[in-house]
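**Q** Next up is a structure, given as structure tokens.
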Amino acid sequence: MAYFAWHDRILSDTPEARAAKEREYREKLRAWRVLMGWWILCLLVGLGLVWGTSALGGGVRLRIGLTVFAIAGYTMAIFVPMQLTKPVPRT
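Letter 59 of the sequence shown, counting from 1, is numbered 44 in our numbering, and no numbers are missing.
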């Protein structure tokens, strides 16, 4: 059985098949990077609203607290799962 799997893998390993796998990987990686960029932009806009406006008054402690909350929440809710699902090249 292992011989048949090896034989099929050897026969299907053509330059065209490798190029198609590489294209698919690059497309998935590009989509992943766009999504990560979108989430980072959302985080920066949120932090810009906290620090760039006077909506919170002069409460520096509140701003620092919201910043820590936003970064920790972003890390746990978006960054860690996205790192786990990052596309890897198939061999």
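Using N, Cα and C, we set each Cβ at its ideal position, and we do this for glycine too.
Once the 5 residues before and after Trp24 are set aside, which same chain residues still bring their CB inside 6 angstroms of it?
**A** What you label residue 24 is simply residue 39 of the sequence shown in a count that begins at 1. Answer for Trp24: Ile63, listed in chain order.
**Q** Output the distance between the C-alpha atoms of Arg75 and Ala40, rounded to the nearest integer angstrom.
**A** Taking the first residue of the sequence shown as position 1, residue 75 is located at position 90. Taking the first residue of the sequence shown as position 1, residue 40 is located at position 55. Each residue's alpha carbon lies about 49 angstroms from the other.
**Q** Answer yes or no: do Thr52 and Leu32 have a C-beta to C-beta separation smaller than 9 angstroms?
**A** As a first step, residue 52 is located in the sequence shown; it is residue number 67 there, counting from the start. As a first step, residue 32 is located in the sequence shown; it is residue number 47 there, counting from the start. Contact: yes.
**Q** Can you tell me whether DSSP reads Val19 as helix, strand or coil?
**A** For this step, residue 19 is matched to residue 34 along the sequence shown. Note: Val19 maps to helix in three-state DSSP.
**Q** Does the separation of the CB atoms of Ile(-5) and Leu28 fall below 9 angstroms?
**A** In the sequence shown, counting from the first residue as 1, residue -5 sits at position 10. In the sequence shown, counting from the first residue as 1, residue 28 sits at position 43. Cβ atoms of Ile(-5) and Leu28: not closer than 9 angstroms.
**Q** So, helix, strand or coil for Met(-14), using DSSP?
**A** Residue mapping note: residue -14 aligns to position 1 of the sequence shown, counting from 1. Residue state, collapsed to three classes: coil.
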